[in-house]
Amino acid sequence: LTIPEIERLVEQSEEESAREASSPTRSAASKRFEARQRPRIQPEDPEKLLTQMLEVLELGLNEAQANVDTSIADKAGLQRAYEQELTRTERWSTEAEFARASEREDLYEACMAQAELAEQAAEQLKEYLTQQEATTDDLSASLYRLQEKTRGASLEADLLIARHRRVMLLQSFEEVTESIAALEGGAI
C-alpha cells in the first residue's frame, strides 16, 4: 500500500464513522449496542497497516544499504588490485633497466614484456574501477533518496496514526456523551 492509498482508507473510515454517528434513523440505544458489539481494533487497522508498511520500507532500506556497502567493498578491492598492478609495472620496468645496464638484452625484453602485461592489467582494472565508482555513486544517491522517502513516509505515517487516534477518541467521546445523555433522559 502506498501512503495515498492508506490516507484514502483512513479518510473513508472517518467518513463512515461520521455518517454512522449522525444517522437520524438509528436510536441512541442501537448506536450504543452496535458500539459495544464492534471490536475496538478494526480488521484493517490503519496503525497496523502503517507499521507494516514502514517495516517493509525499513527492510528495503537495509537491503539497499547492504548493496552500497558491497559496492564500496568491491571498489576498494579493485583499487587495491589496480595499485598492485601499477607497483608490478614499476618493478618490472626497474628490473628491465637493471637488465639493460647489465647488457642482458634477452632479460631486458622479458622484463619489459612482463611490465607491459602488468600495465595492460592496470589499465583494465582502471576501467573497472571507474565503472565501479560510477555504480557506487549511483547506489549511494539512490540510498540517500530512499532514506529521504522513508523518513517522509515515517512522518506521514505518524500524522496518519495521530489522525486515526483522534478519530477513535472522538468516537469514544461521542459514545460516552450519548450514554450520559441516555442515562440523564431515563432518570428524569
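Counting from 1300, one number per residue, gives the positions in the sequence shown under this note's numbering. A virtual CB, placed ideally from N, CA and C, is assigned to each residue, including glycine.
{"Query": "Quick one: which unbroken beta strand (DSSP E) runs of 3-plus residues sit fully inside the stretch 1384–1453? Chain order, please.", "Result": "none"}
{"Query": "Around the Cβ of Y1381, are there at least 16 other Cβ atoms within 10 angstroms (buried) or fewer (exposed)?", "Result": "buried"}
{"Query": "Write down the C-beta distance between A1395 and A1375 rounded to the nearest angstrom, noting that I regard them as a contact closer than 8 Å.", "Result": "That pair is no contact at about 31 Å."}
{"Query": "Taking the alpha-carbon positions, what's the R1325 to E1474 distance?", "Result": "The predicted model places R1325 with a pLDDT of 48, which falls under 50 and marks its position as unreliable, so this point remains unresolved."}
{"Query": "Tell me which same chain residues have a C-beta within less than 8 Å of the C-beta of L1424, skipping the five on either side of it?", "Result": "L1377, A1380, Y1381 and E1384"}
{"Query": "Whether or not the stretch 1433–1447 and the stretch 1360–1370 are in contact is what I'm after, with contact meaning three or more pairs of Cβ atoms, one per stretch, closer than 8 Å; do they touch?", "Result": "yes"}
{"Query": "Do you know how far the Cα of P1345 is from the Cα of Y1443?", "Result": "27 Å"}
{"Query": "Kindly indicate which three-state DSSP category D1368 falls into: helix, strand or coil?", "Result": "helix"}
{"Query": "Leaving aside the five residues before and after I1371 along the sequence, list all residues of the same chain whose C-beta is less than 8 Å from its C-beta, in chain order.", "Result": "T1435"}
{"Query": "D1373 by DSSP, collapsed to three states: which one?", "Result": "helix"}
{"Query": "What distance in whole Å lies between the Cβ atoms of A1409 and T1388, which are believed to be in contact at a cut-off of 8 Å?", "Result": "Going by Cβ atoms, the distance from T1388 to A1409 rounds to 15 Å, so no, they are not a contact pair."}
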